[in-house]
Amino acid sequence: TVATAAELQAVLAGARLRGIFLDHGAATLHVYFRESTVLVDLGPSSLGVEVLNASEPPEGSRPFPCKLTAVEHIPDERVLVLVLKRLRGRGGTIRIVVEFVPRRSNAVVVEGDEWTVRHVLVPRSGTRAPSVGSPFRKPVSVRRGADLPLSLSEWLELLEPEETLKGRRGVLLREVAFTSPINAAALLGAEQTTGDASLETGYGLWRGLREIGLGVDVDNSTEAAVTLDLTGAFILECDWGDQPYPAKLPGCDYRTSGSLIAAVQEVRRAGGVVPVLTPSRWTNALQEALRTARKKLGKLERELGATPDPQTLRTYGDLILAHLGSVKRGAAEVTLPGFDGDSETITLDPALSPQVNAERYYDRAG
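The opening position of the sequence shown corresponds to residue 259 in this note's numbering, with each subsequent residue numbered one higher.
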């Protein structure tokens, strides 16, 4: 999130906020600036953030006369914080806090130094669930290395006792800050095909990733440091799918991208996700109307399919009138020579005259 925060800061610094729209049905947050619109998507299969062209806030948006002063992050937490300064009116600083955490993702609008919750996108339960009117409980990493870096000896003491790669991976993800399923294999040297995993090399990589996660310049002079390619953004080609990332990882195929935000957009498009700013209550109403119309259409098509061909009905009326002398009143049906030479058996209403039977066929054809 630190790289995303830096890019958003560069794009949005000083931008004037027009309004915020929380689409609870779609789990998306729309932040309408004069210069652009930020879409935050918290859907479980479409998690991401995009910067789109400026657009008009829809009905139901919450106006906030503010301008963006900073985009911050919380170390070792997948959290972005948009900091907004009020241009007029009472109240303290407005912050939009976005947590990109599977099964816990949320967007919350907080106010003042106490981070008092004003709006919540996704209702949650649990001890950390945000509640309107209460202070927001900021996530704080408890993993080692979040505040002070581990030394190489501490790194080895933590991981060497685990004899299997699976065991080391579990300890790494549970205990060490700035690690994730994305970089675990590289940190443990899992890309090596022979010999033991190089924990020393992994430590140098971790030091570099830690500095990236803290938002500081990577210092390659640290003990066992490795050089990280930070010449742009990358799309790592992971086993579970493409992943935007601010650095290349050893042993992982990748593609380059112009920016991390562009990488996010590319991955979302490849997955069939398109940005939607139309409020879900509108699209849901349209979809319901469409379902109703399709149901009615199906019924009409079935009715139409069950009706005779209108030209055939008109022909029956013509045959009756052409052969009135051969049609006896009170008959239930009559067989008459058709205009093409073949005989046609026509059903009649015995209670009606031949002329009225012909008229009924014309009416049905109409």
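Glycine included, C-beta positions come from ideal geometry on N, C-alpha and C.
So the alpha helix (DSSP H) residue i belongs to, where does it begin and stop?
| i | result |
| --- | --- |
| valine 260 | 260-270 |
| glutamate 458 | 457-472 |
| valine 368 | First-last for valine 368: 364-369, but that is the beta strand (DSSP E), not the alpha helix (DSSP H). |
| arginine 344 | From DSSP, arginine 344 is part of no alpha helix (DSSP H) but of the beta strand (DSSP E) over 337-344. |
| arginine 560 | 538-563 |
| asparagine 615 | 612-623 |
| leucine 518 | 518-528 |
Could you pull out every residue in the same chain whose Cβ sits closer than 7 Å to the Cβ of residue i, ignoring the five residues on either side in sequence?
| i | result |
| --- | --- |
| serine 389 | Val375 |
| valine 531 | Ser304 |
| threonine 514 | Gly490 and Phe492 |
| glycine 277 | Tyr290, Pro315, Ser319, Arg320, Pro321 and Phe322 |
| leucine 518 | Ala261, Thr262, Glu265, Ala491, Pro502 and Pro504 |
Look at the alpha carbon of residue i and the alpha carbon of residue j, and state the distance between them as a whole number of angstroms.
| i | j | result |
| --- | --- | --- |
| glutamate 314 | arginine 361 | 31 Å |
| leucine 457 | alanine 491 | 26 Å |
| alanine 547 | leucine 555 | 12 Å |
| tryptophan 464 | arginine 552 | 56 Å |
| valine 307 | leucine 544 | 26 Å |
| alanine 590 | proline 612 | 11 Å |
| leucine 507 | leucine 430 | 17 Å |
| proline 568 | tyrosine 574 | 10 Å |
| arginine 353 | glutamate 412 | 37 Å |
| glycine 370 | glycine 509 | 45 Å |
| arginine 346 | valine 525 | 39 Å |
| phenylalanine 394 | glutamate 372 | 8 Å |
| serine 438 | glycine 466 | 14 Å |
| valine 367 | serine 399 | 21 Å |
| leucine 416 | serine 383 | 34 Å |
| leucine 297 | aspartate 405 | 31 Å |
| alanine 455 | glutamate 418 | With a pLDDT of 49 at alanine 455, under the threshold of 50, the predicted position of this residue should be treated as unreliable, though the coordinate-derived value follows. C-alpha separation (whole angstroms): 10 Å. |
| glutamate 561 | serine 294 | 51 Å |
| glycine 391 | proline 397 | 18 Å |
| leucine 577 | valine 614 | 13 Å |
What residue does the beta strand (DSSP E) around residue i start on, and which one ends it?
| i | result |
| --- | --- |
| isoleucine 352 | 352-357 |
| lysine 325 | 324-331 |
| aspartate 500 | 499-503 |
| serine 515 | 512-515 |
| glutamate 495 | 491-496 |
Spatial neighbours of residue i within its chain, please: C-beta separation below 6 Å, excluding the five flanking residues on both sides.
| i | result |
| --- | --- |
| leucine 270 | Leu326 |
| valine 380 | Ala285 and Asn364 |
| valine 329 | Ala263, Leu266, Gln267 and Leu340 |
| serine 538 | Asp281, Gly283 and Ala284 |
| glycine 473 | Val260 |
Taking DSSP's pairing of strands, which residues face residue i in a bridge?
| i | result |
| --- | --- |
| phenylalanine 279 | His288 |
| phenylalanine 394 | Answer by DSSP bridge pairing: none, since phenylalanine 394 is not bridged. |
| histidine 377 | Val367 |
| isoleucine 578 | The partner list for isoleucine 578 (beta bridge, DSSP) is empty, contrary to what the question assumes. |
| glutamate 625 | Because the chain here runs from 259 to 624, residue 625 falls outside it and cannot be looked at. |
| proline 595 | Ser601 |
Leaving out five residues on either side along the sequence, give the residues of the same chain with a beta carbon under 8 Å from the beta carbon of residue i.
| i | result |
| --- | --- |
| leucine 571 | Tyr619, Tyr620, Arg622 and Ala623 |
| threonine 605 | Ala590 and Glu591 |
| glycine 471 | Val260, Pro333, Asp334, Ala435 and Phe436 |
| threonine 451 | Because threonine 451 carries a pLDDT of 38, less than 50, the predicted location of this residue cannot be relied on, and no value is offered for it. |
| leucine 342 | Leu275, Phe322, Cys324, Lys325, Leu326, Thr327, Thr351, Ile352, Arg353 and Ile354 |
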